[in-house]
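The opening residue of the sequence shown carries number 9 in this note's numbering; numbering runs sequentially from there. Ideal Cβ positions, reconstructed from N, Cα and C, are used throughout, including at glycine. Every value quoted in this text rests on a predicted model; they were computed, and no experiment measured them. For reference, the structure is listed below as structure tokens.
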Amino acid sequence: MKKQTVLSKLKEQEKLARRTIIIDAAEKEFAEKPFQKVTMRDIAKRAGISPALIYRHFPDQQSLFAEAYMRGIGKVFEKIFVTIDKS
């Protein structure tokens, strides 16, 4: 039973790592090109994965954009809070 738990944790970590790689690639693509010019194929190529794998994590490009945007906003707020804490 314990072996199953360890395996489940590893699979979950792999899933989260893939998701992070996809979002990283999406952030870069969306930073370089307008939304309409970015394709899931572009993001997949940058991430080094197949486009089909992206759809296992995100139903469409808008969802992926929203996730990348929210993560970016989170980073901005982190910097703001660090700056406030230092003052």
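| Asked | Found |
| --- | --- |
| So what does DSSP say about K41, is it helix, strand or coil? | coil |
| Got a sec? Which residues, its chain only, sit under 7 Å from M48 by beta carbon, not counting five neighbours each side? | P59, I62 and Q69 |
| Quick one: measure Cβ to Cβ for R54 and K36, integer angstroms, because I've assumed they're closer than 8 Å. | 6 Å |
| Over what stretch of residues does the alpha helix (DSSP H) that includes P59 continue unbroken? | P59 to H65 |
| Which word fits F66, buried or exposed, when buried means at least 16 other C-beta atoms lie within 10 angstroms of its C-beta? | buried |
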